[in-house]
Amino acid sequence: MSKQKLVIIGNGMVGHRFIEDFVEKADLDKFEITAFCEEPRVAYDRVHLSSYFSHHTADELSLVKEGFYEKHNINVLIGERALTINRQEKVIHSQTGRAVYYDKLVMATGSYPWVPDIKGNESKDCFVYRTIEDLNAIEATARRSKNGVVVGGGLLGLEAAGALKALGVETHVIEFAPVLMAEQLDQQGGQMLRQKIESIGVNVHTGKNTKEIVVGGEKSRNTMQFADGSELEIDFIVFSTGIRPQDKLAKQCGLATARRGGISINNQCETSDPDIYAIGECASWNEKFFGLVAPGYNMAKVAVDNILGRDNEFSGADMSAKLKLLGVDVGSIGDANGRTPDCKSYVYLDENSSVYKRIIVSQDGKRLLGAVLVGDTESYSDLLQYTLNDIELPKHPDSLILPAHAGAKTGGLGVDALPETAQVCSCFDVKKSDIADAVAAGHTTIGAVKMETGAGTGCGGCVPLITQVLNAELAKQGVEVKNHLCEHFEYSRQELFHLIRIEGIKTFKELLEKYGKGYGCEVCKPTVGSILASCWSDYILSSDNNGLQDTNDIFLGNMQKDGTYSVIPRMAGGEVTPKGLAVVAKVAEQYELYTKITGAQRIGLFGAHKSDLPDIWSQLIEAGFETGQAYAKALRMVKTCVGSTWCRFGVQDSVGLGVELENRYKGLRTPHKMKFGVSGCTRECAEAQGKDVGIIATDSGWNLYVCGNGGMKPQHAELLASDLDKQTLIKYLDRFMMFYVRTADKLTRTSVWLQNLSGGIDYLKEVIVDNKLGINEQLEKEMAQAIASYQCEWTTTLSDQESLQRFAHFINSDLQDDNVVFTPERDQKRPAFIEEKAPTYNISLEEA
Amino acid sequence: MSSWIRVCELKSIFPATGVCALVDGKQVAIFRPSDEEQVYAVNNMDPFARANVLSRGLICQHQEQLWVASPLKKQRFNLLDGSCLENSEVSVEAYKARVTDGFVEVHL
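Just so you know, the sequences run in chain order L and A. Its first residue numbered 456, the first sequence is counted upward by one per residue in my numbering. Its first residue numbered -2, the second sequence is counted upward by one per residue in my numbering.
Below is the structure:
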C-alpha cells in the first residue's frame, strides 16, 4: 500500500503545532510528510520574539525539540519557498525547482506585516518586526542611532517600542488613531496606558498621519512629515501597522479568498478545494482572520482531526489577552469596548497609582461580557474564567475589580469554583481536568505539569492559574511539599535564616538546641555556618563555629584531589600590578606551586601543602594582596573588559565599576558562589549575561541583568533595570544580594532561585525596584553592616597564633604528608597518579 | 603485643573537629565530636581518592551514629568501625581511642 502524501506549507508556530499534533494522533507509517519552511530556521516562538534581544540565541526561541523531525521521518525543506501549486496535478513547485506531490495539503503560510503606502518607506532605515532577521537588522541599526520610532501603537507596536527602549535609543511611538491599543482597550484605558508609558520616557504621538519620510535632518538621519504639518526627526523607523494574511499562493492556484484577505475556510478548516486545508493567520473564517496564536493552534487541531476522519469543528476564538507592555500590565477580555447592546459597565479608576479597570456585564448583570485592565491585571485569570465558562457573576460584580481595602472579594474565584472542563490554557486547550490527571499521574511540580500537558508553554499567561490548580490537587492528595534542610532541622534554609536573624542566634549549638535535633551533619553544619556568617559577618573561623565549616573554609583554600590546597589572591576586576605579579611569581617558585590563570581572571597557585599556607599568605599579604575567597560560597570575582579607559569602543569605565563592586561585596557569604561581570559596551566582552549579576554599559548608564550562570546548565541573565546611574545600580544590587542571601535555599544558584520565585523576574523587579515588600530599607541596612565588618580572613588568621597550629599536617610531628607526590609536566608539576607513587600507598581495597 | 600510644593533649583538638596524628608510621585521623572527653580514630586516607584527608572532614550524625564526611567527595565513614555509608564494600581501618589524664591515646 502506498503512503498518503501530506504536505504542509509554512513552518511557523501553527504549521509546527499541526505537525506535533499529527505525529501524536496519526499512524505515521501510513503517511509521507513534507514541510516547506521558507525561513532559514525551523519554527520558533514569535510571541516571545522580543526576548531575543536579551539572550541573542535563536535556539532559545526554537519550538522544535532536537531531532523531532528526524525521529518521525518528516522531511523539512528549510529555506525553501513554495512558488506554485498545481491543483489538477496535485503538485507544488519550489524556488529550487523541486516538485513535491501531495494527496492532502495544509497551508499555514501565516501573515506578513502590512506597511502603509508612505513615500520614503523603502529606505534602509525602515524595518518591520516579524522575524529574527528583522530583529538582527534593527539591533545593528540601533547601535549607530540616537533615536527610533515605532509606527503603530497596537499590541505589537508597543512590544517593539519596549525593545527599542531596551536597546538604549530614545523611543517614539506614532499612532494614527486617537488612543493606543484601540483594538483591545477603551478610550480611558488607552489614556491610562499612555500616561504610564510616557512616565518611563517613551514619547507617544497619537492622531498622527504620516505623509512622507524624507532623508536628512538637523540632528537625525531622517525626517517624518505628518498630515497636520508637524515633523519628527528620527534615525530609524519600525513599522508595526498590522498584519495581512499571506494568501498569495492561494490566489495563484485559484482558491477562494475572503474580501479582506485570507484563504476562506469552513468549520473543518477546509478551503474551497477539499484536499487543501488552511490554518492560522493565513486563514479567514466567516470573513475574520485571527492574529493570535491560540486560534491558530485550535485550527491546527481541527485540521488534523478532519484529515484523520474524526469530527472536530472550529467555532471561533477568544481574543482576550494579558501582557506586559513596556513594564505596564495590560489585560483585555471579550467585548472590551462595550459594543454589546444594552450592556452595562463598572469602572474603577485610581489616578494615584495609575490603575484603570472596567468590566462590561450583560443587561441582567449575571454574565461578564468583557473587561479592560491597565496597571493591575491580578484579576485577569478570574475574570477570564467567568466569561469562558459562563459562570454567574456575584451579586455585586464591582467587587471583582475593587482593591481589597475597598471591599473586594478576597481570595479570588478560587480554582474549586471552576468546572472540571474549564479551559486553563487557551494556547494548547488544556482543561482543568487534564492538569488534575497529570498531577494524579505523579507530575507534582509546575515544570513536570507543563511538560506533560503542554499547558503554560505557549504565551505563559496561565501559569499562575496552573500553579493554583496544581497546589489544590496536591492538597487534595494530602501531599505536603517539604524543603527541610536535613534530618536535624525541619526547616528550610530560608526559615532558619529568619529564625537566626530575628532571635539573634549566634552559634550552631544554640540553634540546634532551640530548633533542631541530634548532632548535625555535613549538610546543616556548613549551611548554618554560612547563614551565621552572612547575618553577623563574624570571622568565619571563630572557635564557636569552627566545626561547621568545610575544609575549604577552615584552611582558607580550595582542597585539591591530593589533599593540597590552591592559593588564589584577590585581583579585583582582573587588575594586577607588575610588582604584585613579581611577588606571586616569587612565592610560586619558592614553594614550587603549579601556576595557572583561572577562569575568573586571576592567578591560581596549586599544590600548596596545608602547612605552607600561612607562610605563603603572609608573603602575599605583605605585598598588598588579600584573600580571594576562591574557597568560599561567596562573591568570587567581577569579570571586566577594559572598558572606556582603554578600549576605543567602550562607553563606560567597566574596570572601575568592577573593582568597586568586587570590593563592596567581597567576603559576604551567599547561599552559593556568585560571579559578576561588567562590560563597557554592548559588545559584551565580559560575558556579563552569563553571570549571577551582569552589568552592561549604555550611553546613558548601566543595564543590570541578574540570575544568569555558566557551568553545567548555562542560563542567560534577565534584565532587571536599564539605564541606571551608578548610585541607583549599587542600591539595587545591595537589595538584590541581600534578598537572595535571605531567601534562597541551600546551595541554590541565583538562576534556580529565580526560577522558583513565583512571579519570576517580574516579581523580583517589584521587590527590588518598586519595594513591593517594603523591606528595601532593611536590606540596604543589613548590607551596610555586612560591608562595614569585612575582614580579610587570611590577615586575621595570621595574627592568631592558636589558629595557626591547625595548619600543621600532624598534630604530633613536623613532617609533611609523604603521600603528596608530584610528577613534572610541561615545565611545571602535577599530582602523581597512584601508579606513579611509592608502592606503600598502593593499598588494595577489598574491591573499590 | 601492641598497646595504647599517647598522641596529644585533648585540648589541642577543637570540639567538633578532627586532627591527623602520626602514630607508629601510620596517619591516624582523630575526631573530637563535642567538648566532652570522647574521641574516635580511623585511618586518615580516603580510600576513594587515596589522599590523606579524612581528618579534615566534617563530623556528622546519620542513623543515630557518628561519621566523618570526606572533604573531597563527601562519602561518609563510620567513626566506630570505619564502614562506608555509600558503599558497603569499602571501609577504612578504625582504631580504639580514649582520653586519659587529658591526653588522647590510640590503640593500633
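All residues carry an ideal CB built from backbone N, CA and C; glycine is no exception.
{"Query": "For L/Trp740 and L/Val634, the rounded distance between their alpha carbons", "Result": "28 Å"}
{"Query": "Beta carbon proximity, L/Ile986 to chain A, threshold 8 Å", "Result": "no"}
{"Query": "Nearest neighbour of L/Thr1095, chosen from L/Tyr1049, L/Glu1030, L/Met1129 and L/Tyr1086 [CA to CA]", "Result": "L/Glu1030"}
{"Query": "Contacts of L/Phe1265 in chain A (Cβ-Cβ under 9 Å)", "Result": "Val16, Cys17, Ala18, Leu19 and Gln24"}
{"Query": "Chain A contacts made by the region 947 to 980 of chain L, where a contact means CB separation under 7 Å", "Result": "Gly973, Tyr974, Gly975, Cys976, Glu977 and Lys980"}
{"Query": "L/Ser1021 at chain A interface by Cβ criterion, 8 Å", "Result": "no"}
{"Query": "Neighbour flag for L/Met1167 against chain A, beta carbons, 8 Å", "Result": "no"}
{"Query": "Where A/Arg95 meets chain L, residues with beta-carbon distance less than 9 Å", "Result": "Those within 9 Å of A/Arg95 in chain L number zero; the least Cβ separation is about 16 Å."}
{"Query": "Beta bridge counterpart(s) of L/Met562 as assigned by DSSP", "Result": "L/Ile464 and L/Ala733"}
{"Query": "Contacting residues, own chain, Cβ-Cβ under 8 Å from L/Phe883 (five flanking each side not counted)", "Result": "Tyr752, Thr908, Gly909, Ala910, Thr912 and Gly913"}
{"Query": "For A/Asn75, the first and last residue of its enclosing beta strand (DSSP E)", "Result": "Arg73 to Asn75"}
{"Query": "Span separating the alpha-carbon of L/Thr1278 from that of L/Gln1260", "Result": "29 Å"}
{"Query": "Complete beta strand (DSSP E) runs within the region 457 to 533 of chain L (minimum length 3 residues, chain order)", "Result": "459 to 464, 486 to 492 and 530 to 533"}
{"Query": "Start-to-end residues for the beta strand (DSSP E) that takes in A/Trp1", "Result": "Trp1 to Glu6"}
{"Query": "Reduced DSSP category for L/Asp1178 - H, G, I as helix; E, B as strand; rest coil", "Result": "strand"}
{"Query": "Within 8 Å, strictly: CB atoms of L/Tyr567 and L/Arg699", "Result": "yes"}
{"Query": "Secondary structure of L/Asn1267, DSSP reduced to three states", "Result": "coil"}
{"Query": "C-alpha gap between L/Thr962 and L/Leu987, whole angstroms", "Result": "7 Å"}
{"Query": "Residue closest to L/Lys1220, alpha-carbon to alpha-carbon, out of L/Val1207, L/Lys980 and L/Leu1175", "Result": "L/Leu1175"}
{"Query": "For L/Phe691: DSSP bridge partner residues", "Result": "L/Gly603"}
{"Query": "Beta-carbon proximity of L/Val1113 to L/Val1133, cut-off 8 Å", "Result": "Note that residue 1113 of chain L is Gly in the sequence shown here, rather than Val. Closer than 8 Å, so yes."}
{"Query": "Cβ of A/Ala13 within 8 Å of any chain L Cβ", "Result": "yes"}
{"Query": "Pick from L/Ser457, L/Tyr1020 and L/Gln1240 that is closest to L/Asp484, judged by C-alpha positions", "Result": "L/Ser457"}
{"Query": "Close-in-space but distant-in-sequence residues of the same chain around L/Ala1141 (CB under 6 Å, 5 per side omitted)", "Result": "Lys1094, Thr1095, Cys1096, Gly1132, Val1133 and Ser1134"}
{"Query": "Completely contained alpha helix (DSSP H) runs for the region 1179 to 1219 of chain L, where each covers 4 or more residues", "Result": "1181 to 1198 and 1205 to 1211"}
{"Query": "Residue closest to L/Ile1242, alpha-carbon to alpha-carbon, out of L/Gln818, L/Lys706 and L/Glu1117", "Result": "L/Glu1117"}
{"Query": "C-beta neighbour in chain A for L/Asn1118, strict 8 Å", "Result": "no"}
{"Query": "Cβ shell of L/Lys886 (< 8 Å), same chain only, five flanking positions each side left out", "Result": "Glu875, Thr876, Ala877, Gln878 and Val879"}
{"Query": "Min CB distance A/Asn49 to chain L below 8 Å", "Result": "yes"}
{"Query": "L/Leu1228 versus L/Asp1217 - alpha carbon distance", "Result": "14 Å"}
{"Query": "Proximity test, Cβ basis, 8 Å: A/Glu102 and chain L", "Result": "no"}
{"Query": "8 Å Cβ cutoff, A/Met36 in contact with chain L", "Result": "Per the sequence presented here, residue 36 of chain A reads as Val, with Met not at that position. For A/Val36, the answer is no, since every Cβ of chain L falls outside 8 Å of its Cβ."}
{"Query": "Three-state class that DSSP yields for L/Tyr1120 in the structure shown", "Result": "helix"}
{"Query": "Listed by chain order, chain C residues near A/Ser9 by CB distance under 8 Å", "Result": "Note that chain C does not occur in the displayed structure, where the protein chains are L and A."}
{"Query": "A/Pro44, DSSP secondary structure in three states", "Result": "coil"}
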